[in-house]
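Novice: Okay, handing you the structure first.
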Amino acid sequence: MKSYIVQLAAARLLPVTLILSMLVFYRGHNDPGGGFIGGLMASAGFIFYAMAFDTREAEKKLRVSPLMLIVAGLSFAFISTLPSLFAGNPFFTGEWVSLSIPLLGKLKLGTPLLFDFGVYLTVWGVIVTIIFNVMEE
Amino acid sequence: MEVLLAIVIGLLYAAGVYLLLRRSIVKLILGIMFFSHATNLLIFVAGGLHKGQPQFASDGLTAVSANPTDPLPQALILTAIVIGFGITAFFLALMYRFYQATGTEDLDELKEGENK
Amino acid sequence: MILPALPILIPLLTIIFLLFNFQRREWQPWIGLTGAMLQLVVSVLLALRVKSQGILVLNTGNWEAPFGITLVVDAFSSIMLVLAGIIAVSVSIYSIDAIDRQRQSFFYFPMVHGLLMGVNGAFVTGDIFNLYVWFEVMLTASFVLITLGGEKKQLNGAIKYVSINLVSSLFFLAGIGLLYGKTGTLNMADLALKLSLADNNVLMNTSAVLFFVAFSIKAAVFPFFFWLPASYHTPPVAITALFAGLLTKVGVYAMIRFYTLFFVQDKLFWHPLFLWIGGFTMVIGVLTAASQYDIRKILSFHIISQIGYMIMGLGIFTVAGIAGAIFYMAHNIIAKTNTFLVAGLINRVTGSYDLKKIGGLYKIRPWLSILFIIPAFGLAGIPPLSGFFGKLILISAGFNAGEYVISFIALAVGLFTLFSMVKIWNEAFWKPRPEGLSPYEGENENLPVSMVIPVVILGLITLTMGLAVKPILEIAMNAAGQLLDPKIYIQAVMGS
Numbered sequence: 001m002k003s004y005i006v007q008l009a010a011a012r013l014l015p016v017t018l019i020l021s022m023l024v025f026y027r028g029h030n031d032p033g034g035g036f037i038g039g040l041m042a043s044a045g046f047i048f049y050a051m052a053f054d055t056r057e058a059e060k061k062l063r064v065s066p067l068m069l070i071v072a073g074l075s076f077a078f079i080s081t082l083p084s085l086f087a088g089n090p091f092f093t094g095e096w097v098s099l100s101i102p103l104l105g106k107l108k109l110g111t112p113l114l115f116d117f118g119v120y121l122t123v124w125g126v127i128v129t130i131i132f133n134v135m136e137e
Numbered sequence: 138m139e140v141l142l143a144i145v146i147g148l149l150y151a152a153g154v155y156l157l158l159r160r161s162i163v164k165l166i167l168g169i170m171f172f173s174h175a176t177n178l179l180i181f182v183a184g185g186l187h188k189g190q191p192q193f194a195s196d197g198l199t200a201v202s203a204n205p206t207d208p209l210p211q212a213l214i215l216t217a218i219v220i221g222f223g224i225t226a227f228f229l230a231l232m233y234r235f236y237q238a239t240g241t242e243d244l245d246e247l248k249e250g251e252n253k
Numbered sequence: 254m255i256l257p258a259l260p261i262l263i264p265l266l267t268i269i270f271l272l273f274n275f276q277r278r279e280w281q282p283w284i285g286l287t288g289a290m291l292q293l294v295v296s297v298l299l300a301l302r303v304k305s306q307g308i309l310v311l312n313t314g315n316w317e318a319p320f321g322i323t324l325v326v327d328a329f330s331s332i333m334l335v336l337a338g339i340i341a342v343s344v345s346i347y348s349i350d351a352i353d354r355q356r357q358s359f360f361y362f363p364m365v366h367g368l369l370m371g372v373n374g375a376f377v378t379g380d381i382f383n384l385y386v387w388f389e390v391m392l393t394a395s396f397v398l399i400t401l402g403g404e405k406k407q408l409n410g411a412i413k414y415v416s417i418n419l420v421s422s423l424f425f426l427a428g429i430g431l432l433y434g435k436t437g438t439l440n441m442a443d444l445a446l447k448l449s450l451a452d453n454n455v456l457m458n459t460s461a462v463l464f465f466v467a468f469s470i471k472a473a474v475f476p477f478f479f480w481l482p483a484s485y486h487t488p489p490v491a492i493t494a495l496f497a498g499l500l501t502k503v504g505v506y507a508m509i510r511f512y513t514l515f516f517v518q519d520k521l522f523w524h525p526l527f528l529w530i531g532g533f534t535m536v537i538g539v540l541t542a543a544s545q546y547d548i549r550k551i552l553s554f555h556i557i558s559q560i561g562y563m564i565m566g567l568g569i570f571t572v573a574g575i576a577g578a579i580f581y582m583a584h585n586i587i588a589k590t591n592t593f594l595v596a597g598l599i600n601r602v603t604g605s606y607d608l609k610k611i612g613g614l615y616k617i618r619p620w621l622s623i624l625f626i627i628p629a630f631g632l633a634g635i636p637p638l639s640g641f642f643g644k645l646i647l648i649s650a651g652f653n654a655g656e657y658v659i660s661f662i663a664l665a666v667g668l669f670t671l672f673s674m675v676k677i678w679n680e681a682f683w684k685p686r687p688e689g690l691s692p693y694e695g696e697n698e699n700l701p702v703s704m705v706i707p708v709v710i711l712g713l714i715t716l717t718m719g720l721a722v723k724p725i726l727e728i729a730m731n732a733a734g735q736l737l738d739p740k741i742y743i744q745a746v747m748g749s
């Protein structure tokens, strides 16, 4: 399937899916969305790219290896458990800080978000690894 | 609604068992998928169905409705779906490798392959 | 208070490190070994802490007990954690040379630690849905391990293994759904509290049966054992040893936990059933083993027969019976893993697992035969070794509880186990080498030290367990006492 139209569409759609996936991921705490769905969307962008070109091109576009995405994801999930220890709360307690940023208003950041980001990266890495492997065969 | 879903669950289980007993591995995987969907629905129904009564108070209200829906079963189902998704992907890949190695997807061939 | 979560976090950290250093192949075994050793240290610390302070409870995420996921370590779980740590260390050492480079470079060590994470998680969790999740973590890792390498034979066994285990997980999940619908809680302690107040209900029995089927499949109990001998002999022996030591025992662990903590209302139905099933499991496992000629298949069938003893302990349901089951589990995890590791050594020397193709090993490797005799005769129950005392405790508990039939069956099965072990001994070590065969592949090579060390360690543990029965039995009695008095567990988790 080497169609120029599809290739153009895939190349243009990739940044859009990535931004959209980040958006879905970010709103996940209180609204439908979250790390898992975000990760699926991000990998969908790359899978479409790999379908339009081939997996080697898509891997090049990804820059880091999918394995490193998984490692980073697991590390983020692990790191998100640490702040609760320093705060003296039981393991895995959600710790929040709220930052006030000019123009944007209040931004609430917390360890659940960090954990979810870990999920996002892990899902992204795992799905991309599986699909690329199957596509290469 | 409960009765309808109960019938659907029963049908899904029946279809799942039927497919599990087939000789083809593809059908075996489909059977397991039916099984897992039936189980997810079972949790959904067992958790209780109350239409349009969310657990969270909407803006302007101070209390949740008298008989709110329990959100936990849905969280359980979500987890189960995610796990099922990963395992199905693995099983499909396994079947593909098996097909490559043996050129068949007939479960009866497993018996002969055992002692080779 | 992070201690109860550490048995889960350490394997996770190990996986992160292993994947991060994925390009450095030669580092992989050492990172894996370090992780396993840390895990052993932590579980010993946990066991000491539990001994001095009683049940440890950790409410993750600061959610109160029935609402969040609670991690609970009582005496029983801490014993299982220590055993898992021992197996993790010995299999990690063994794998350095036993697992070929190709498998090592294809996620072998991360998957071993994934499996350990699932096993440890199942031991520490106090929440039934969380238990399901850990079961799945463990199973997914084991699926990858059993197919690793992708030999035709392995894929063949894996399809049976994967499909039957998936079905059992779904039984488990359906049981959880129904139980949640009935009680509205997933926390084990809260469930115990609610079910002790509720009158006997049909829905509760449905989920009890669903759980029973699910755990029976995982534990390879009669009549659900058929998947085990069909798949366990296919992967490399280090993987089989890991599975044999830990996977089925997690099923037994869950069964003992569930049927002592909250499904205790219907004793008249369940306990005779456990005794029958335990008896059948023992007899069928041991009889089918007698007809096999592949060492790994003989040992696989013996896994089944020995699960029967643990189920028998649960069926007797006295402190001595449960303590016997726990002692037997401890002995079996160590000795069973060890026999598989020795089978790997035999294969390394002779290049075969088929008893018809090997023989005369005593002449060329006399000390290997000693390494084999310790775990094998331990399994059969020869006096100074651990298996003898495991059986003795169980059988005397059976006689004291008036369960004569099962006790006689257990005695007879011990005899047949001895027959199988003597058969391996005779065929592999004692009889002259079959004629007309070319010399063994590894006859003149020395066995790698890393493969011998874990066998020696596990053999020493089997010996010590036999010599120091009293202190170990006291630990098991203590754990059994805690299990049979669910109030202690409930109080520790739920407060007063």
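Protein chains in written order, with our numbering: chain D, 1 to 137; chain U, 138 to 253; chain Z, 254 to 749. Even for Gly, the Cβ is constructed at its ideal location relative to N, Cα and C.
1. Have a look at G379(Z) and M441(Z) and give me their C-alpha separation to the nearest angstrom.
2. For A217(U), return the contacting residues in chain Z, with the cut-off set at a CB-CB distance below 7 Å.
3. Are the stretch 85 to 98 of chain D and the stretch 267 to 285 of chain Z touching by the rule of at least three beta carbon pairs closer than 8 Å?
4. DSSP has S161(U) in a bridge; who is on the other side?
5. Of all the options I587(Z), L567(Z), I586(Z) and A588(Z), which has the alpha carbon lying nearest to the alpha carbon of A578(Z)?
6. Would you list the residues sitting across from V326(Z) in a DSSP beta bridge?
7. By how many angstroms is the C-alpha of A543(Z) removed from the C-alpha of K253(U)?
8. Find out if the Cβ-Cβ distance for the pair G125(D), L40(D) is shorter than 9 Å.
9. For chain Z, check one thing: does any of its Cβ atoms lie closer than 9 Å to the Cβ of G39(D)?
10. V126(D) CB to nearest chain U CB: under 9 Å?
11. By alpha-carbon positions, which one of L401(Z), V390(Z), T438(Z) and T436(Z) ends up nearest to S422(Z)?
12. So, does the stretch 410 to 420 of chain Z touch the stretch 481 to 495 of chain Z, judging by three or more C-beta pairs under 8 Å?
13. Can you list, in chain order, the residues of its chain whose CB lies under 7 Å from that of R686(Z), leaving out five sequence neighbours each side?
14. Are the beta-carbon atoms of F376(Z) and V503(Z) separated by less than 9 Å?
15. Compute the Euclidean distance between the alpha carbons of F661(Z) and V675(Z), then round it to the nearest angstrom.
16. Could you tell me the alpha carbon to alpha carbon distance between T111(D) and F78(D), rounded to whole angstroms?
17. Out of A58(D), G33(D) and V64(D), which one is the CA nearest neighbour of G45(D)?
18. Can you tell me whether DSSP reads G285(Z) as helix, strand or coil?
19. Show which residues of chain U have a CB atom less than 8 Å away from the CB atom of I47(D).
20. Can you name the start and end residues of the alpha helix (DSSP H) that I743(Z) belongs to?
21. Closest by CA to T603(Z), which one among N699(Z), L463(Z) and V397(Z)?
22. So F554(Z) packs on Q545(Z), CB below 8 Å; how close in whole Å?
23. Nearest by alpha-carbon distance to G434(Z): which of I220(U), L165(U) and V182(U) is it?
24. Can the beta-carbon of A300(Z) be found closer than 9 Å to that of L334(Z)?
25. By Cβ distance below 7 Å, which residues in the same chain neighbour M135(D) in space, the five residues on each side in sequence not counted?
26. Tell me whether N591(Z) sits in a helix, a strand or coil according to DSSP, three-state version.
27. Within 10 angstroms of the Cβ of T717(Z), are there 16 or more other Cβ atoms? Answer buried if so, exposed if not.
28. For I37(D), which residues from the same chain have a beta carbon less than 6 Å from its beta carbon, with the 5 sequence-adjacent residues on both sides left out?
29. What does a CB cutoff of less than 7 Å around D353(Z) pick up in its chain, not counting 5 residues either side in sequence?
30. Tell me which residue opens and which closes the alpha helix (DSSP H) that M138(U) is part of.
31. What's the call for E317(Z), buried or exposed, on a 16-neighbour Cβ count within 10 Å?
32. In chain D, which residues lie with their C-beta within 7 Å of the C-beta of T313(Z)?
33. Using 9 Å as the limit for Cβ to Cβ distance, is Y233(U) near chain D?
34. Q7(D): which of A52(D), D31(D), W96(D) and P15(D) sits nearest, CA to CA?
35. Quick one: which chain Z residues come within Cβ less than 9 Å of L165(U)?
36. Quick one: give me the first and last residue of the alpha helix (DSSP H) that E656(Z) is part of.
Specialist: In this structure, then:
1. 6 Å
2. Chain-order list of chain Z residues neighbouring A217(U): L426, by C-beta distance under 7 Å.
3. no
4. D243(U)
5. L567(Z)
6. Per DSSP, the beta-bridge partners of V326(Z) are L309(Z).
7. With a pLDDT of 44 at K253(U), under the threshold of 50, the predicted position of this residue should be treated as unreliable, though the coordinate-derived value follows. CA-to-CA, the gap between K253(U) and A543(Z) works out to about 21 Å.
8. no
9. By this cut-off, G39(D) is not an interface position.
10. yes
11. V390(Z)
12. yes
13. G612 and G613
14. yes
15. 21 Å
16. 10 Å
17. A58(D)
18. In the structure shown, G285(Z) sits in a helix (DSSP, three-state: H, G or I).
19. Simply none; closest approach about 13 Å.
20. P739 to M747
21. N699(Z)
22. 6 Å
23. V182(U)
24. Result yes, Cβ atoms of A300(Z) and L334(Z) sit closer than 9 Å.
25. Apart from sequence neighbours up to five positions away, the residues of its chain that approach M135(D) with a beta-carbon distance below 7 Å are A50 and T55, ordered along the chain.
26. Residue state, collapsed to three classes: helix.
27. exposed
28. V24
29. none
30. Note, M138(U): premise wrong, no alpha helix (DSSP H); not H, not E.
31. exposed
32. P90, F91 and F92
33. yes
34. Sorting A52(D), D31(D), W96(D) and P15(D) by C-alpha distance to the C-alpha of Q7(D) places A52(D) at the top.
35. For L165(U), the chain Z residues whose C-beta falls within less than 9 Å of its own C-beta are I412 and S416, listed in chain order.
36. Per DSSP, E656(Z) belongs to no alpha helix (DSSP H) and is neither H nor E.
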